[in-house]
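Enquirer: In this note's numbering, the protein residues as written are 33 to 147.
Using N, Cα and C, we set each Cβ at its ideal position, and we do this for glycine too.
Computed from a predicted model, the values in this text were never measured in an experiment.
A single structure is presented below for examination.
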């Protein structure tokens, strides 16, 4: 299963590189905890994980690398033009939330933009 493969991947990363920390979207919680458990059982090592809320669009669709219309920072994967167009076409309902997530603006500065 996918969870088992991801768990074993964490074991391999721990063994080869000393990786002890895994992070991912909240939908990956089960896979991450399986990896933590497997690292502890197979390697006797401490391992940790953290999840964060999924970033979704106004329609509730997942915003991630496996979704259609993904945007990448690498210009080999998303052209600068497509990157610009993506952000210009963000649904108005998402703009303030994305400013909080993806910019270095302070919360006060974002609040000013919201007004």
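#1: Using a 10 Å radius around the Cβ and a threshold of 16 neighbouring Cβ atoms, would you call residue 108 buried or exposed?
#2: Closest to residue 88 by C-alpha separation, out of 82, 140 and 59, would be which residue?
#3: Looking at the secondary structure, which residues open and close the beta strand (DSSP E) in which residue 82 lies?
#4: Three-state secondary structure (DSSP) at residue 95?
#5: Which one of 71, 146 and 81 has the shortest CA to CA distance from residue 124?
Expert: So, from the data block:
#1: exposed
#2: 59
#3: 80–84
#4: coil
#5: 146
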